[in-house]
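Residue numbers (this note's numbering): 1405 to 1565.
Read through the structure below, which is laid out as structure tokens, and then see the notes.
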Amino acid sequence: MEIREATKEDLEEIIIIESKCFPEAEAAKEEDFRNRYSAFKENFFVAVKNEKVIGFINGCTTDNPELPDELYHNTKLHNPSGDYQTVFGLDVLPEYRNSGVASELLKHFIKISKERGKKGMVLTCKDHLVHYYEKFGFTHVRVSDSSHGGAKWNDMRLLFK
């Protein structure tokens, strides 16, 4: 498996993967992905196996150590020199789950964020994933104010030393 920066050509596969990983109310739309890629393509990474995209991670950068819902839809809020790297999505095709793909994508994004001099990383996740992210050093901050997709989310933060 290889992890690399996503290309514009990868977007179709990324959109399909998102639709397989999240319910329709929570999945990012094609237009959102295209806008995000245009605004912060340097923050899109894919996992590739046998020339097939099997997972991805992406997110904007911001000075806010939280992830409010408006960041998902307003790419003008992306600040390339922001202190915090967000994680909008960490998606892996169902047939490749539980094989380390997500952890490799996350570790790569953490490494890149540190190399870029970020202060930390922020994301939101559902209850069943809080423990997963804690294994990578994230701390549970609080139940999120997010109403994305009508679900309950948790604010998670990883501060770099």
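All C-beta atoms in this analysis are idealised placements derived from N, C-alpha and C, irrespective of residue type, glycine included.
With DSSP collapsed to three states, give me the class of K1511.
helix
When the Cα atoms are used, what is the spatial distance from F1426 to F1513?
Spanning the two alpha carbons is a distance of roughly 21 Å.
Under the DSSP definition of a beta bridge, which residues are partnered with D1495?
F1460
Can the beta-carbon of P1498 be found less than 8 Å from the beta-carbon of K1424?
Yes, these two residues count as a Cβ contact at 8 Å.
I need the straight-line Cα distance from D1467 to K1530, nearest angstrom please.
Near 23 Å, if we compare the C-alpha coordinates of K1530 and D1467.
Closest residue to P1373 among Y1441, L1494, A1555 and T1465 (Cα-Cα distance):
The displayed coordinates of the chain run from 1405 to 1565. Any statement about residue 1373 would go beyond what the structure contains.
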